[in-house]
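Using my numbering, the first residue of the sequence shown is number 52, and each one after it goes up by one. All residues carry an ideal CB built from backbone N, CA and C; glycine is no exception. Keep in mind it's a predicted model, so treat the numbers as computed, not measured.
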Amino acid sequence: MMDGMMAEAAYIDIASLDEIPLRGARTVATAHGNIAVFRTGDDTVFALRDSCPHRGGPISQGIVHGHGVTCPLHGWVFSLQTGAAEGEDVPCIARFRVRIEGDRVQLDVTGPIADAS
């Protein structure tokens, strides 16, 4: 990447929507580490790095509620939309682009979403 240009998205097909449990997650190994792809109760999909910033716990094993997930190790709640912990002053979990094409879930493996500064 040069002069602040973003790399073109590179989506890979990972599963059908029904293969990801409702209010659950599926993990995908990528060059950027394991990524947790979440399916909410309203069939929205989100993707976060599968590592809580507190102790590196597997956020994919957390409880999904609304558009949030509770870390299985210490109960912190993270927004699936932003990766931010609610009420905690800790780094956000890196987010990745994910989309649904037909009934297929696709993950952008070019890298995490850069937050606007």
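**Asked** Any contact of the segment 149-166 with the segment 82-93, i.e. 3+ C-beta pairs under 8 Å?
**Response** Touching, yes.
**Request:** Consult DSSP for serine 130 and reduce its assignment to one of helix, strand or coil.
**Result:** Translated into the one-based positions of the sequence shown, residue 130 becomes position 79. Three-state DSSP puts serine 130 in a strand.
**Request:** Please say whether leucine 73 and arginine 90 have beta carbons closer to each other than 8 Å?
**Result:** For the purposes of this step, residue 90 is identified with residue 39 of the sequence shown, where counting begins at 1. For the purposes of this step, residue 73 is identified with residue 22 of the sequence shown, where counting begins at 1. Result yes, Cβ atoms of arginine 90 and leucine 73 sit closer than 8 Å.
**Item:** Residues of its chain near phenylalanine 97, where Cβ-Cβ distance is below 6 Å and the 5 sequence neighbours each way are ignored
**Value:** For the purposes of this step, residue 97 is taken as the residue at position 46 of the sequence shown. Closer than 6 Å at the Cβ level, and outside the excluded window around phenylalanine 97, lie Phe89, Leu131.
**Message:** At the level of alpha carbons, what is the spacing between tyrosine 113 and arginine 77?
**Reply:** Along the sequence shown, one-based indexing puts residue 113 at 62. Along the sequence shown, one-based indexing puts residue 77 at 26. The amino acid occupying residue 113 in the given sequence is glycine; tyrosine does not appear at that position. Their Cα atoms are separated by approximately 11 Å.
**Request:** Pull up the CB-CB distance for histidine 118 and threonine 95, whole angstroms please, since I reckon it's below 8 Å.
**Result:** Numbered from its first residue, the sequence shown carries residue 118 at position 67. Numbered from its first residue, the sequence shown carries residue 95 at position 44. The C-beta separation of histidine 118 from threonine 95 comes to about 7 Å, placing the pair in contact by the 8 Å criterion.
**Of the listed residues Glu152, Pro104, Ala66, nearest to proline 142 (C-alpha basis)** = Locating residue 142 in the sequence shown gives position 91, counting from the first residue. The shortest C-alpha separation from proline 142 is found at Pro104.
**Item:** For tyrosine 62 and proline 123, the rounded distance between their alpha carbons
**Value:** By 1-based counting over the sequence shown, the position of residue 123 is 72. By 1-based counting over the sequence shown, the position of residue 62 is 11. For proline 123 and tyrosine 62, the gap between their C-alpha atoms comes out near 29 Å.
**Item:** Pairwise C-alpha distance: aspartate 69 and aspartate 154
**Value:** Here the question's residue 154 lines up with position 103 in the sequence shown. Here the question's residue 69 lines up with position 18 in the sequence shown. For aspartate 154 and aspartate 69, the gap between their C-alpha atoms comes out near 8 Å.
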